[in-house]
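Trainee: First residue of the sequence shown: 0, per numbering that gives the first Met the number 0; consecutive thereafter.
Backbone N, C-alpha and C define an ideal beta-carbon position, used for all residues, glycine too.
These numbers come from a predicted model, not from an experiment.
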Amino acid sequence: MLAGLTVKHIARAGRLGSGPALGPNALSCAAGVANAEWITEMKILLLGKGGQVGWELQRSLAVAGEVTALDFDDGGDFTKPDELLARVQALAPQVIVNSAAHTAVDKAESEPDLARQINATTPALLAIEAKRLGALLVHYSTDYVFDGSGSHARDEEAPIAPLSIYGVTKAEGEDAIRASGCQHLILRTSWVYAARGGNFAKTMLRLAAERDQLKVIADQIGAPTGADLLADLTTHMLRAARANPALSGTYHAVAGGETNWHDYARFVIEFARKQGKSIKVAPDQVLPIPTSDYPTPAKRPLNSRLSTAKLQQRFGLRLPHWQQGVERMLTEIL
Ligand code: NDP
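(1) For Pro287, which beta-bridge partners are listed by DSSP?
(2) The alpha helix (DSSP H) that contains Ala264, what's its start and end?
(3) For the region 48-63 against the region 115-130, are there 3 or more C-beta pairs whose distance is under 8 Å?
(4) Within 7 Å: the Cβ of Lys201 and any heavy atom of the ligand NDP?
(5) Quick check: what's the CA-CA separation for Pro287 versus Gly50?
(6) Less than 7 Å separating the Cβ of Asp105 from some heavy atom of the ligand NDP?
(7) Which class does Asn302 belong to by DSSP, given the choice of helix, strand or coil?
(8) For the putative contact between Ser189 and Thr141, defined by C-beta atoms under 8 Å, what is the C-beta separation to the nearest angstrom?
(9) Taking 7 Å as the cut-off, is the CB of Asp76 close to at least one heavy atom of the ligand NDP?
(10) Is it right to say Glu40 is buried, meaning 16 or more other beta carbons lie within 10 angstroms of its own, or is it exposed?
(11) Using only the heavy atoms of the ligand MN, determine whether one of them is closer than 7 Å to the beta carbon of Ala175.
(12) Please list the segments of the alpha helix (DSSP H) lying wholly inside the region 80-123, counting only runs of 4 or more residues, in order along the chain.
(13) Output the distance between the C-alpha atoms of Ala68 and Val280, rounded to the nearest integer angstrom.
(14) If distances are taken between C-alpha atoms only, which option among Val137, Ala271 and Leu90 comes closest to Met328?
(15) Pull the bridge partners of Ile185 from the DSSP assignment, please.
(16) Which whole-angstrom value is the C-beta distance of Thr121 and Leu83, which I expect to be below 8 Å?
(17) Compute the Euclidean distance between the alpha carbons of Pro80 and Arg265, then round it to the nearest angstrom.
(18) With a threshold of 7 Å, establish whether the CB of Ala170 neighbours any heavy atom of the ligand NDP.
(19) Just the C-alpha distance for Gly255 and Thr307, rounded to the nearest angstrom, thanks.
(20) Figure out for me which residue from Glu269, Glu257 and Gln312 has the closest Cα to the Cα of Trp321.
(21) May I have the straight-line CA-CA distance separating Pro294 from Pro300, to the nearest angstrom?
(22) Pick from Arg153, Ala99, Ala240 and Met203: whose alpha carbon is nearest that of Ile268?
(23) Count the other C-beta atoms from every protein chain shown that fall within 10 angstroms of the C-beta of Ile332, then say buried if there are 16 or more, exposed otherwise.
(24) Taking contact to mean at least 3 C-beta pairs separated by less than 8 Å, is the region 137-152 in contact with the region 193-201?
Below is the structure:
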């Protein structure tokens, strides 16, 4: 018997597809991938399925196990933790992926209790439940846990110092998950976009078609990161972490390269112009402004550079340049 495979597993494997019967090589391949559990038997609970990342996770997680995906209205409401925990206990998943969050950064300033409930208090309860079940909890966090000082790329050990209620509550959520002792993957990401729903690029394209001039912040630096990339990373990482619990921990997960909102806007507009889309604003009329010219209720970090060396080294994964994902998203929406 090969390590990690029971008789039942091999019997199930024998039913797969119409390909050749499984020989010894095929079995060692399967053992290498799944190791501790046969993937079709892994129960995955996905929370926040309707969000940018949640939507993409519905796609990417489907190959990793049997996914139960919840939202507000079907028992997955983070403001009703009792109902949510009852669903978790009833399902007893091996993996919980939490992509639900209070992400309205400015609104959080005026509703801190709600932001804390969704970003910290309920995730803390989920972590305790994950510990009890022996489940892996995957959770997302943000560059906003940092103050954005300096110009260096922060690693996972850099001290956190959030500037906003959103950042504070996300940091509290992270801390509670680590303190619970559950197996976890916390992926800190930044500037998330998706083809589905509204995003910065779509707003810029609409304004560029209507206006003669645009002013865009040029002193916040970060990496636009696709929800599809995050979802794909998540699927690879959770499978590796189930097989090797030593991979548990906090990771920075952003696309490669860096930009600022002004250059990002120009990239999007020029891509659309080359595709023959109707653009009113002239290239030299997309003007850079400092953050101080665009006051918002929540303060944002200027330097959102995150080092992804730990993720790349530990998981053997490559993070493609942000332009690659943005071009793909633009090709989809234009
Ligand atoms: P979204 O806002 O797109 O998705 C969050 C989801 O959570 C939405 O479906 C939202 O529903 C849902 N939600 C809100 N309140 C509740 C609640 N009470 N109970 C259950 N679900 C709720 O966010 P993203 O997909 O972009 O973000 C995923 C993760 O990545 C989050 O942890 C976020 O903090 C993190 N992140 C996001 C960044 C970004 O730029 N978006 C940047 C850095 C980190 P509804 O839409 O109906 O409110």
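Mentor: Looking at the coordinates:
(1) According to DSSP, Pro287 bridges with Val215.
(2) Bounds of the alpha helix (DSSP H) holding Ala264 are Trp260 to Lys273.
(3) No: fewer than three Cβ pairs fall under 8 Å.
(4) Lys201 has its CB no nearer than 7 Å to any heavy atom of the ligand NDP.
(5) Pro287 and Gly50: Cα-Cα distance of roughly 30 Å.
(6) Outside the cutoff, so no.
(7) Looking at Asn302 - three-state DSSP - the assignment turns out to be strand.
(8) Their Cβ separation, rounded to whole angstroms, is 7 Å, which keeps Ser189 and Thr141 in contact under 8 Å.
(9) Answer for Asp76: yes, Cβ within range of the ligand NDP.
(10) So Glu40 ends up on the exposed side.
(11) You won't find the ligand MN in this model; what it holds is the ligand NDP.
(12) List check, alpha helix (DSSP H) in window: 80-90, 104-107 and 111-115.
(13) Straight-line Cα distance between these residues: approximately 42 Å.
(14) Looking at the Cα atoms, Ala271 is the closest of the given residues.
(15) According to DSSP, Ile185 bridges with His138 and Thr249.
(16) Between Thr121 and Leu83, the beta carbon gap of about 7 Å places them in contact (Cβ cut-off 8 Å).
(17) One C-alpha to the other measures close to 43 Å.
(18) No; taking the cut-off as 7 Å, the Cβ of Ala170 has no heavy atom of the ligand NDP nearer than that.
(19) Between Gly255 and Thr307, the C-alpha separation is close to 8 Å.
(20) If we check each option's Cα against that of Trp321, Glu257 comes out closest.
(21) Roughly 13 Å separates the two Cα atoms.
(22) Measuring from the Cα of Ile268, the nearest candidate turns out to be Met203.
(23) With fewer than 16 other Cβ atoms within 10 Å, it is exposed.
(24) These segments do not touch.
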